[in-house]
Amino acid sequence: MPGMREIKAKIKSLKGTKRITAAMKAVSAAKLRKAQADLFNVRPYAKVMKGIVEGLYLRENSAIHSIFKVRPVKRIELVVFSSDKGLCGAFNANIIRAVNNFAREKMESGIEISLTTVGNKASQFFSKYSDLKVRKEIRDIFRRIGLPLANEISEDLYLGYISEYFDEVYLVYNRFVNALTQEITFERILPLSVEIPEGTPIAEYTVGPDESVVEEAVKSYVSSIVLRALKESETSEHAARMTAMDNATKNTEDLIRKLTISFNKARQAAITKELIEITTAIEAMK
128 MPGMREIKAK IKSLKGTKRI TAAMKAVSAA KLRKAQADLF NVRPYAKVMK GIVEGLYLRE
188 NSAIHSIFKV RPVKRIELVV FSSDKGLCGA FNANIIRAVN NFAREKMESG IEISLTTVGN
248 KASQFFSKYS DLKVRKEIRD IFRRIGLPLA NEISEDLYLG YISEYFDEVY LVYNRFVNAL
308 TQEITFERIL PLSVEIPEGT PIAEYTVGPD ESVVEEAVKS YVSSIVLRAL KESETSEHAA
368 RMTAMDNATK NTEDLIRKLT ISFNKARQAA ITKELIEITT AIEAMK
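Right, here's the structure in full:
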């Protein structure tokens, strides 16, 4: 059994770790509240933009734009959203595992897979430890999550799709459900497919001679969906980190409690030993 000095040093170290994890949990909780509010504002915007483009799709001339044309799938682009930093539990590992499983299944069918990695963790893994082709890396996103970044990503995807460089585009991200639950989501955004339940009223749109309005609507749709995915991933990251730091704090408290018991046992054993030595010495002096 370690001596009292070693146990005391470990307890002191663990108390320092506990302060750090508790502080990180508090910071993540504060960031989660802000990110969650932003996400709940973005979701309706993305839903409205998708509804507008669906209305255009359901017009009599549904082939008005190449985004609506379904062609044979030869290459799929996966946009993988991850975090820039760690200490968020299985947040990044789950995404990486899901992407590998999806890619393996598609590649067995003869479909080529390429990646756009958003966030440092996905970029680091797929560029160093994976055979999947990384077409584009977007790093250091944490401080610039917003519409400009969404426009940058969506413009690249839009041009890649209409030029037929890839035939389908999926966003892969952690969808925020609540503080304890985040779901891995594969969302196909290109080509756009519409499933309208029977009896659902359909909005009618009239497009004038300038068809560029359709292109602008399509670009805004892609940008809004990418922005929502960014916000979903950001909110999920803060929730995952808060949960991970909460678990780390609890584990640290358990270790401190166990070490404190060991310290008390060691001290009791030392005191008992000293009493025996004193008693033995007194008996020897008689």
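To convert a position in the sequence shown, counted from 1, into this note's numbering, add 127. Every residue, glycine too, gets a C-beta built ideally from N, C-alpha and C.
Q | Beta-carbon spacing of D211, I268 below 8 Å | A | Residue numbering aside, residue 211 sits at position 84 when the sequence shown is read from its first letter. Residue numbering aside, residue 268 sits at position 141 when the sequence shown is read from its first letter. Cβ atoms of D211 and I268: closer than 8 Å.
Q. Would DSSP call K203 helix, strand or coil?
A. Along the sequence shown, one-based indexing puts residue 203 at 76. Strictly speaking, residue 203 in this sequence is Ile, with Lys absent from that position. Reduced to three states, the DSSP call for I203 is strand.
(Q) Using the Cβ count rule (16 or more neighbours within 10 Å means buried), how would you classify D294? (A) As a position in the sequence shown, residue 294 is number 167, starting the count at 1. Burial call: buried.
Q.
Quick check on S209: does DSSP put it in helix, strand or coil?
A. As a working note, residue 209 is residue 82 in the sequence shown. If DSSP states are grouped into helix, strand and coil, S209 belongs with coil.
Q) CB F303 to CB L166, shorter than 8 Å? A) On the sequence shown, position 176 is the one that residue 303 refers to. On the sequence shown, position 39 is the one that residue 166 refers to. Cβ atoms of F303 and L166: closer than 8 Å.
(Q) Using C-beta distances below 6 Å, list every residue in its chain close to S281, excluding the 5 sequence neighbours before and after it, in chain order. (A) If you number the sequence shown from 1, residue 281 lands on position 154. The residues are V349, S350, V353.
(Q) Let's test the definition: count the other Cβ atoms within 10 Å of the Cβ of I403 and tell me whether it reaches 16, buried, or not, exposed. (A) The residue given as residue 403 occupies position 276 in the sequence shown. Exposed.
Q: Taking only the alpha-carbon atoms, compute the straight-line gap between Y288 and A344 and give it to the nearest angstrom.
A: Start at 1 with the first residue of the sequence shown, and residue 288 comes out as number 161. Start at 1 with the first residue of the sequence shown, and residue 344 comes out as number 217. The alpha-carbon atoms of Y288 and A344 are separated by roughly 16 Å.
Q: State whether the region 361-374 contacts the region 144-163, with contact taken as three or more CB pairs (one from each stretch) at a distance under 8 Å.
A: yes
Q.
Going by C-alpha to C-alpha distance, which of A397, L319, D381 sits closest to L183?
A. Translated into positions along the sequence shown, residue 183 becomes position 56. Closest option to L183, Cα to Cα, is L319.
Q | Proximity to V180 [Cα-Cα], best of V169, I194, R315, P171 | A | By one-based count along the sequence shown, residue 180 stands at place 53. Of the candidates V169, I194, R315, P171, the one whose C-alpha sits nearest the C-alpha of V180 is I194.
Q. Rounded to whole angstroms, how far is the Cβ of K260 from the Cβ of S241, which I believe are closer than 8 Å?
A. In the sequence shown, counting from the first residue as 1, residue 260 sits at position 133. In the sequence shown, counting from the first residue as 1, residue 241 sits at position 114. Yes, they are in contact, since the Cβ atoms of K260 and S241 sit about 5 Å apart, within 8 Å.
Q | Contact check, I383 vs I138, beta carbons under 8 Å | A | The sequence position of residue 383 within the sequence shown is 256, counting from 1. The sequence position of residue 138 within the sequence shown is 11, counting from 1. Yes; because the gap between Cβ atoms is below 8 Å, this pair is in contact.
Q: Could you have a look at Y292 and say whether DSSP puts it in helix, strand or coil?
A: The sequence position of residue 292 within the sequence shown is 165, counting from 1. The answer is coil: DSSP assigns Y292 none of H, G, I, E or B.
Q) Using DSSP with H/G/I as helix, E/B as strand and the rest coil, what is Y256? A) Residue numbering aside, residue 256 sits at position 129 when the sequence shown is read from its first letter. Note: Y256 maps to coil in three-state DSSP.
Q) Less than 8 Å separating the beta-carbons of K248 and S209? A) Within the sequence shown, the letter at position 121 stands for residue 248. Within the sequence shown, the letter at position 82 stands for residue 209. Yes.
Q.
Taking the beta strand (DSSP E) that L307 belongs to, which residues open and close that run?
A. What you label residue 307 is simply residue 180 of the sequence shown in a count that begins at 1. Unbroken run through L307: none, as it is neither H nor E.
**Q.** C-alpha distance - P336 paired with S290, whole-angstrom precision
**A.** Translated into the one-based positions of the sequence shown, residue 336 becomes position 209. Translated into the one-based positions of the sequence shown, residue 290 becomes position 163. Low local confidence applies: a pLDDT of 47 at P336 is under 50, so the model's placement there is unreliable, with the coordinate-based value given in what follows. It is roughly 24 Å from the alpha-carbon of P336 to the alpha-carbon of S290.
Q) If you drop the 5 nearest sequence neighbours on each side, which residues of the same chain put their C-beta closer than 8 Å to that of I134? A) Residue mapping note: residue 134 aligns to position 7 of the sequence shown, counting from 1. Around I134: L386, S389, F390, A393.
Q) Cα separation between I409 and I398? A) Position 282 of the sequence shown, counting from 1, holds the residue named residue 409. Position 271 of the sequence shown, counting from 1, holds the residue named residue 398. Approximately 17 Å, taken between the alpha carbons.
Q) Do you know whose CA, among A306, E279, A277, E359, lies nearest F313's CA? A) Along the sequence shown, one-based indexing puts residue 313 at 186. Its Cα nearest to that of F313, the residue E359 stands out among A306, E279, A277, E359.
Q: Tell whether a beta-carbon distance below 8 Å holds between V299 and I222.
A: By 1-based counting over the sequence shown, the position of residue 299 is 172. By 1-based counting over the sequence shown, the position of residue 222 is 95. Yes. Within cutoff.
Q: Determine the DSSP secondary structure at V197, reduced to helix, strand or coil.
A: Counting from one through the sequence shown, the residue named residue 197 turns up at place 70. Residue state, collapsed to three classes: coil.
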